[in-house]
Structure formats: C-alpha cells, structure tokens
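For the sequence shown, counting from 1, position 287 maps to 287 in the UniProt record's numbering; every step adds exactly one. Yeah, the Cβ is synthetic: ideal placement off N, Cα and C, and Gly gets one too. It should be emphasised that the depicted structure is a prediction, and the values quoted were computed from it without experimental measurement. Since the structure comes first, as structure tokens, the remarks are kept for the end.
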Amino acid sequence: MGEVEPKLPGQSGTASFFKSLSFLKRKEKGVVFGAPLTEEGIAQIYQLIEYLHKNLRTEGLFRIPGNSNRQQILKDCLNSGTDLDVDSGEFHPNDVATILKVFLGELPEPLLTRRHYLAHLKIADLMLFDDKGNRTGAPDKERQIEALQLLFLLLPSPNRNLLKLLLDLLYQTAKKQDRNKMSAHNLALMFAPHIIWPKNVTANDLQEHIIKLTNGVTFMIKHSQKLFKAPPYIREYARVYVGGSRTPSSKDDLDLPSSRPEFPFLKSQKRSRLATSPSSSASQQDQTQQRTEQALRELFQHVHNMPDSTKKKKLLRQVRWLVSDPHIPSHVDCYSHDLRGTV
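Have a look at this one:
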C-alpha cells in the first residue's frame with residue numbers, strides 16, 4: 001500500500017485516455033450496482049480503478065476477498081453518489097478489488113456482452129496452418145488480435161471504455177506478479193466469470209468451454225496494449241481518406257470517423273500498395289489479406305446470425321463498411337452504394 005502510482009499503459013496511460021472524455025466530470029447521483037452500464041457509472045467505478053493502480057503490489061490482489069463490512073460501506077457510498085475518499089485509509093486494497101469484481105458481476109449482462117459470446121469462442125479456435133495447409137495446434141496470435149480489435153469496435157461505447165480501463169489495470173497487475181502473486185492467468189480465473197461468462201447457459205455448457213474462455217481472457221490481458229487500436233488498414237483509411245494526412249489526428253486510433261466512404265484500397269488491384277512493409281513480398285501480402293477477409297467474413301456472419309433487433313441493425317451498419325466480399329448475401333451487399341451518399 002502507498003506505493004508511487006505507476007505509469008499506465010499507452011501514451012500517458014488510462015488516466016489520460018479518460019481525461020479526454022467529459023463524462024469523468026459528470027458524476028451524477030444514482031444506483032451503480034446492478035444497473036445497466038453508463039458513462040456516469042463508469043465515472044464512479046473509475047475511483048476504484050485509480051486507487052488500485054496505486055496498490056498493485058498487494059499480495060493476492062483480486063483473490064483475497066477483504067472485509068465484508070467495509071465492502072458494504074464502500075458499495076453503499078458508490079450507489080448513493082456520496083463523496084468518497086478511497087485513499088483515506090478506511091479501505092484495504094482487497095476491499096476495493098472485491099467491490100470492483102462485484103460491480104462487474106452484477107451488471108445485467110457480461111461486459112463483453114452476450115451477443116459476442118460465440119464470437120469469442122471462435123476467436124479462441126483460430127490456429128496456424130503448416131506449409132501443407134493443415135491446421136496446427138498453435139494459436140494464430142495475429143489473427144486473434146485482429147479479430148478482437150474488430151469485435152471491440154462493435155462493443156457499446158460504455159462497455160468498450162470500461163473494458164479498456166479494466167484490461168489496463170489487469171495488465172499492470174500482472175507485471176507486478178513477483179510481488180502480488182497474480183499472473184495474467186490467475187487474474188483471468190478471477191475475472192472471466194464476471195466479464196465473459198454468459199448468464200443464460202447451463203453449468204454443463206459452461207464447463208465445456210471454461211478453459212477456452214479463461215485462456216481467452218488471459219490472452220486479452222497479455223495483449224491489452226494492442227487491442228484498442230483499429231487494424232492497420234482501417235487506420236490507414238482514417239488517415240488518408242478522412243484526415244487527408246498520414247499523421248493520426250490523435251494518439252488513440254480507436255475512434256474512427258462516423259462518415260464511412262468506400263475503402264478503395266481494399267479493392268484487389270490496390271491492396272498491394274498498402275502493405276505494412278515495403279519489403280513484403282506479394283505472396284505475404286496476399287496471405288495477410290486473405291486472413292483479414294476471413295476474419296471479416298466471420299465477424300459479419302456472427303452479427304448477421306443474431307436475432308432481428310434494433311441492436312442487430314446498428315451492428316450490421318457498423319460491420320458493412322468493414323467487409324468487401326462477394327460472398328455476402330445480395331440483400332446486405334448494397335452498403336457500398338449507400339455509403340457513397342455519406343461522404
């Protein structure tokens with residue numbers, strides 16, 4: 001306890017990421033626990049995350065439960081909007097860590113959303129292929145990272161913002177595992193039930209996937225510093241076709257512009273000109289593009305198979321501008337015509 005606050009991930013860490021968002025200054029009163037996730041609720045919970053960043057060396061952080069009486073006081077304060085000084089010494093880091101888990105566990109749906117549950121199971125199955133085209137047992141980390149980047153772009157804004165805060169915290173906690181004894185895998189065991197386990201599956205169904213889900217959260221923690229940037233080809237689009245410059249307008253490449261013209265550089269005749277490395281061979285570019293297109297097709301299919309709803313329509317609009325594929329059903333492959341009018 002009482003250690004110097006570490007430098008957080010990113011250009012100036014999680015704190016700077018959220019200082020740029022006005023909702024941290026709008027701490028409205030109201031129930032936080034058990035309520036749908038809102039930006040105002042995140043502003044309250046951010047106090048806990050900020051405090052935990054100062055106490056990462058606490059042994060058993062997120063594993064040892066702490067004192068239930070102090071935790072109830074802390075929970076009541078957050079729910080009532082009472083001015084709270086977590087640094088007063090009244091609470092132990094284990095109290096604060098437990099309340100953070102309780103908050104996540106009481107959300108009406110998992111932080112990663114029930115709609116994306118099956119997509120996360122498929123991402124965990126993305127494996128490398130050998131020279132003969134046979135599937136190996138080795139995870140294809142590049143494809144998994146890209147698929148998570150795309151999937152996180154589809155999360156509701158409050159979910160995405162809190163997920164970034166949380167994964168940054170867990171990433172920093174794991175870096176101190178020599179002191180707190182909490183590795184990325186140990187942390188995933190603590191948090192997978194709260195952020196990815198669906199609330200509407202049977203125990204048998206969950207048991208079948210529990211190892212895969214835990215490993216998936218472990219992967220997110222270890223690679224969290226890469227997951228909140230759009231894939232390179234989308235960042236290139238944002239810089240060249242929207243900003244008119246190859247210099248990013250901000251340090252955070254996540255927030256893409258709302259107007260979404262066509263991606264001419266995704267057309268087959270122009271793809272090679274946007275290779276990430278000038279020295280890359282044509283075959284490497286083709287393989288990368290094929291993997292990208294496959295990930296996009298899988299992402300589209302996941303959204304397209306959702307039950308009809310307003311949320312599905314919104315997600316389809318977001319996905320369509322990412323996908324350029326002749327295999328998309330004709331009734332949804334009209335996005336390129338619709339988008340011309342949005343430029």
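Close Cβ partners of residue i (< 6 angstroms) along its chain, the five nearest in sequence each way excluded
i: L213; result: A192, I196
i: K164; result: F228
i: P123; result: Looking at the sequence shown, residue 123 is not Pro but Ile. Excluding sequence neighbours, I123 sits near Q144, A147.
i: D85; result: none
i: G66; result: H92, N94, D95, T98
i: H194; result: K101, L104, G105
i: G34; result: E106
i: L126; result: D140, R143, Q144
i: D76; result: none
Anticipated Cβ contact below 8 angstroms, residue i with residue j, distance rounded
i: F62; j: A119; result: That pair is no contact at about 26 angstroms.
i: D95; j: L74; result: 6 angstroms
i: A230; j: Q149; result: 6 angstroms
i: L169; j: L107; result: Wrong, their Cβ atoms sit about 17 angstroms apart, outside the cutoff.
Assigned exposure category for residue i - 16 Cβ within 10 Å defines buried
i: A138; result: exposed
i: F228; result: buried
i: R179; result: exposed
i: G89; result: exposed
i: L52; result: buried
i: T136; result: exposed
i: N134; result: exposed
i: T82; result: exposed
i: T310; result: exposed
i: residue 346; result: This structure does not reach residue 346, given that the chain is present from 1 up to 343, and the question cannot be answered.
i: I45; result: buried
i: L206; result: exposed
i: N186; result: buried
i: N69; result: exposed
i: K7; result: Note on K7: pLDDT 40, under 50, position unreliable in the model; the coordinate value appears next. By the 10 Å Cβ count, K7 comes out exposed.
Cut-off 7 angstroms between Cβ atoms - residues of its own chain near residue i, not counting five sequence neighbours on either side
i: S22; result: Unreliable positioning characterises S22 in this predicted model, as indicated by a pLDDT of 40, which lies under 50. The coordinate reading is nonetheless provided below. Taken in chain order, the list of residues that qualify is empty.
i: V31; result: N79
i: Q72; result: none
i: A160; result: The sequence given here has Arg at residue 160, not Ala. F152, listed in sequence order.
i: Q47; result: L84, V86
i: N215; result: A124
i: I64; result: N94
i: D130; result: T136
For residue i: DSSP bridge partner residues
i: F129; result: R135
Cβ-Cβ distance between residue i and residue j below 9 angstroms
i: L100; j: I49; result: yes
i: L162; j: L111; result: yes
i: P156; j: G41; result: no
i: K222; j: A184; result: yes
i: P225; j: L56; result: A small correction: the amino acid at residue 225 is Gln; Pro does not occupy that position in the sequence shown. Contact: no.
i: residue 344; j: L153; result: Summary: the structure shown does not reach residue 344, with the chain confined to residues 1 through 343, and so no result is reported for it.
i: V217; j: A188; result: yes
i: E109; j: K199; result: yes
8 angstroms CB neighbourhood of residue i in its chain, flanking five on each side removed
i: H209; result: L121
i: L151; result: H116, A119, H120, I123, L299
i: G60; result: N94, N180, K181, M182
i: T113; result: L155, P156, N159
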